[in-house]
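J.:
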Amino acid sequence: MDKEILILHGPNLNLLGSREPSIYGSKKLTDINSKLVAIGKENNIGLDIFQSNSEAELIETLHKASVEGVKYLIINPAAFTHTSVALRDAIGAVKIPFIEVHLSNIHAREPFRKKSFFSDLADGVICGLGDFGYSMALLYAIDKLKSRN
Ligand code: DQA
């Protein structure tokens with residue numbers, strides 16, 4: 713990872729496009745990622761993007777991000793949002809600032825989705841705005857990094 717911003721997508725997000733489009737929209741993950749890469753290029757900021765269905769792989773990627781100097785994270789932990797103390801601990805340990813993103817409004821769905829193990833550690837949380845939420849999070853992260861330099 714030689715990029716300043718890392719975008720992490722959690723489990724089942726590889727199925728976007730065909731997965732419950734009335735909830736998650738009809739765009740594929742590759743479409744969402746292309747848009748994010750384009751925003752990065754327009755702003756001269758390099759991005760790494762990684763999706764995994766495995767908690768362990770997401771944790772290992774966070775550890776690597778810390779060693780390799782990633783400066784900002786955007787993460788949609790997907791179902792791990794509501795279950796994973798291990799992924800929360802990893803993000804707390806690496807101390808890289810981050811934004812939590814969800815395509816759907818997790819507060820307007822089943823009660824078990826209201827609990828997030830990440831929100832209290834995040835700089836901010838965006839949910840319910842579909843894939844636009846990722847673009848907004850990325851623009852915020854770019855602004856933060858530019859104002860730091
Ligand atoms: C999600 C919401 C989660 O509750 C769910 O498990 C997901 C996707 C979202 O982007 O809306 O997989 O994070």
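Counting from 713, one number per residue, gives the positions in the sequence shown under the numbering used here. Glycine included, every Cβ here is placed at the ideal spot set by N, Cα and C. Here the structure is a predicted model, which is why all the values come from computation and not from measurement.
(1) Starting from residue 680, follow the beta strand (DSSP E) in both directions and report where the run begins and ends.
(2) Where in the region 768-849 do unbroken runs of the beta strand (DSSP E), each at least 3 residues long, occur, reported from the N-terminal end onward?
(3) Let me check one thing: in DSSP terms, what residues is residue 761 bridge-paired to?
(4) Take the Cβ of residue 785 as the centre, count every other Cβ of all protein chains shown within 10 Å, and call the residue buried at 16 or more, exposed below.
(5) Examine ligand 1 and report whether any of its heavy atoms sits within less than 6 Å of the Cβ of residue 814.
(6) Going by other Cβ atoms of all chains shown within 10 Å of its Cβ, with 16 needed for buried, is residue 775 buried or exposed?
(7) Could you name the residues of the same chain whose beta carbon sits closer than 6 Å to that of residue 762, not counting the 5 residues immediately before and after it, in chain order?
(8) Confirm the yes/no value for this check: CB of residue 788, any heavy atom of ligand 1, distance under 6 Å.
(9) How should residue 804 be labelled, buried or exposed, when 16 other C-beta atoms within 10 angstroms of its C-beta is the threshold for buried?
T.: A quick look at the data gives this:
(1) Because the chain here runs from 713 to 861, residue 680 falls outside it and cannot be looked at.
(2) Positions of the beta strand (DSSP E) runs, each at least 3 residues long and wholly inside the region 768-849, are given as 784-788, 810-814, 836-839 in order along the chain.
(3) 719
(4) By the neighbour-count rule (16 or more Cβ atoms within 10 Å), residue 785 is buried.
(5) yes
(6) Burial state of residue 775 is exposed, judged by a 10 Å Cβ sphere holding fewer than 16 other Cβ atoms.
(7) Cβ within range, chain order: 720, 773.
(8) yes
(9) Per the 10 Å Cβ criterion, exposed.
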